[in-house]
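Per the numbering used here, the sequence shown starts with residue 110, numbered consecutively.
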Amino acid sequence: MQFIDLAAQYKHLKTRIDDRVQTVLDHGKYIMGPEVAELESQLADYVGVKHAVTCANGTDALQLCMMVLDIKEGDAVFCPTFTFFASAEVIAFANATPVFVDSDAQTFNICPEDLEKRILAVIEEGKLTPKAIMAVDLFGLPANYPEIQKIADKYGLKLIEDAAQGFGGEINGQRAGSFGDIATTSFFPAKPLGCYGDGGAVFTNNDEYAALLKSFRVHGKGCDKYDNVRIGMNSRLDTIQAAILLEKLAVFPEELVNRNKAASLYDAKLSDKYATPKVPEGFLSSWAQYTLLDDDRDVVMAEYKAKGVPTMIYYGTCMHQQTAFNHLGYQMGDFPVAEQLADHVFSLPMHPYLTEECITMSLSNS
Ligand SMILES: *Cc1c(COP(=O)(O)O)cnc(C)c1O
């Protein structure tokens, strides 16, 4: 059994993907070829935003947001401590200060009450300028945007949605990637919509942001390619990856249904043993991960391993516990919920090609 079975997916899509890649090899426009624009248009339609601007990976997508929002030294950006490193990394890379926020115990996402407390503490201290909130759609579940947007509006902060894991998720029919002022995703192979290498995208309804993104991703280009009007980066999505993503996006809606079926099966079989993941009313998860909690996860994970079922820990270390963020001076106990999660979470195999048979077998008590 595979934790994420990319080979099963490729087998299913082989002819279509091979043909699409061959088309690129034939026309030879490897950088910003026609498939890139085609994909951007389809992504924007799917997500329900005006602009989708692709780039080299999900971390660059976040970094491009920092550039567009002019986040810099002296700014505070609020982000969950229980997330993947890149969310916090780009804030620090922009020379701003990540201010960590505790998690909601039910959804594992950023806790709106704690968020407001941390904003007030930064205002009170008066050293940093509160600038933006970066919420993360952890494990595929959109963060609580209705509440977070209210807080962003109340304190005049920009809202960034890190939907690297959230692509395909929804709140009352509104899709991940469309929340806040600007949103990002990652096409890393293991993400809900993955390519066969690195890739990412930024989503926004703001025309000015979209124009800036298109400039920043190609060395800060102006109207003419060789007139550089600002300092940017080299962060484009390869045409071959765009071609692969076009075929994967076409089947993504079916895959999302399958992921939700797998999650429901896990729920049914595991809910008397564990606290199974909570999806609030009106929310839809894209199930980047199916994550459980256990006081003795080492024992449980060893049992699964013995049955040939791989498990993983996402994430065993919070941002405030990372060596790179030692200098921020956080202490153990500053984020009680997130620390509990880091100590107890583990994830089961999750991908759209998991069969009922496979799940039943892996969960049987042998
Ligand atoms: C994967 C991930 C990223 C970074 O994406 P890459 O494409 O790997 O650079 C950012 N944020 C979160 C929450 C992620 O899971």
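Note that beta-carbon positions come from the ideal geometry of N, C-alpha and C, so glycine has one too.
Item, Value
"Environment of R227 [buried if 16+ CB atoms lie within 10 Å]", "buried"
"Contact test: S196 Cβ vs ligand 1 heavy atom, cutoff 8 Å", "yes"
"CA-to-CA distance, R284 to F392, given in whole angstroms", "10 Å"
"Alpha carbon of S475 to alpha carbon of V366, nearest angstrom", "Low confidence applies to S475: its pLDDT is 47, below 50, so where it sits in the model is not reliable enough to give any reading."
"Top-ranked residue by Cα proximity to M421, from H160, H429, Q431, D407", "D407"
"Through-space distance from Q449 to L457, alpha-carbon basis", "19 Å"
"Host alpha helix (DSSP H) of V388 (start-end)", "Careful: V388 lies outside any alpha helix (DSSP H) and carries neither H nor E."
"Assigned secondary structure, H460 (DSSP; H/G/I helix, E/B strand, else coil)", "coil"
"Strand pairing of S481, partner residues [DSSP]", "Examination of residue 481 is not possible in this model, given that the chain is present from 110 through 475 alone."
"Three-way DSSP call (helix, strand, coil) for L402 in this model", "strand"
"Selection from T400, N343, V145, F288 that minimises the alpha carbon distance to A371", "T400"
"Where S475 falls: helix, strand or coil (DSSP)", "Since pLDDT at S475 reaches only 47, below the 50 mark, its modelled position is unreliable, and no value is offered."
"contact_flag[the segment 317 to 330, the segment 110 to 118] where n(CB pairs < 8 Å) is 3 or more", "no"
"Of the listed residues A153, A377, Q398, nearest to T469 (C-alpha basis)", "A377"
"Inter-residue spacing [alpha-carbon to alpha-carbon] between Q440 and H429", "8 Å"
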